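First up is the structure itself, then whatever we jot down about it.
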């Protein structure tokens, strides 16, 4: 089962935010032709110097955005693993972390050299304001 590996992936997401290295996160590679094409996970800075997570669900014909706490957003992402997404990509300034589920329902995490040299603009602002 992939759930324990996905839980480790979620910990990596939390660590990247706490460490100020988060650049972006997206769900990709759907099973078959689906209405839902991507889910984008972005940091949003609140007026009270806290942060939330913006989830943008990109469908064939529209985009739907919703705002959540970090834990809520990770739970929602988990509901879309295998329904329909097979891959979650976390981009940090240290490394790219890819979570994958195979046909046998096994999860894996692959680490590669970082795509992004800089954290997301909101992440940089959170560091500047001492939020993380």
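Residue numbers (this note's numbering): 3 to 134. C-beta: ideal position from N, C-alpha, C; glycine also. It should be emphasised that the depicted structure is a prediction, and the values quoted were computed from it without experimental measurement.
At the level of alpha carbons, what is the spacing between residue i and residue j?
{"i": "residue 8", "j": "residue 81", "result": "11 Å"}
{"i": "residue 125", "j": "residue 76", "result": "17 Å"}
{"i": "residue 53", "j": "residue 19", "result": "10 Å"}
{"i": "residue 4", "j": "residue 22", "result": "27 Å"}
{"i": "residue 122", "j": "residue 47", "result": "12 Å"}
{"i": "residue 88", "j": "residue 37", "result": "15 Å"}
{"i": "residue 71", "j": "residue 16", "result": "12 Å"}
Between the Cα of residue i and the Cα atoms of the options, which residue gives the shortest distance?
{"i": "residue 1", "options": "126, 95 and 102", "result": "Since the first and last residues shown for the chain are 3 and 134, residue 1 lies out of range."}
{"i": "residue 112", "options": "124, 118, 90 and 132", "result": "90"}
{"i": "residue 56", "options": "69, 64 and 19", "result": "69"}
{"i": "residue 120", "options": "98, 109, 104 and 59", "result": "98"}
{"i": "residue 74", "options": "43, 106 and 118", "result": "43"}
Quick one: using the 10 Å Cβ neighbour count with 16 as the cut-off for buried, is residue i buried or exposed?
{"i": "residue 25", "result": "buried"}
{"i": "residue 131", "result": "exposed"}
{"i": "residue 41", "result": "buried"}
Tell me the DSSP bridge mates of residue i?
{"i": "residue 124", "result": "Paired residue(s): none; residue 124 is not in a bridge."}
{"i": "residue 100", "result": "91 and 112"}
{"i": "residue 70", "result": "55"}
{"i": "residue 26", "result": "93"}
Give the DSSP-derived three-state secondary structure of residue i in the structure shown.
{"i": "residue 16", "result": "helix"}
{"i": "residue 43", "result": "strand"}
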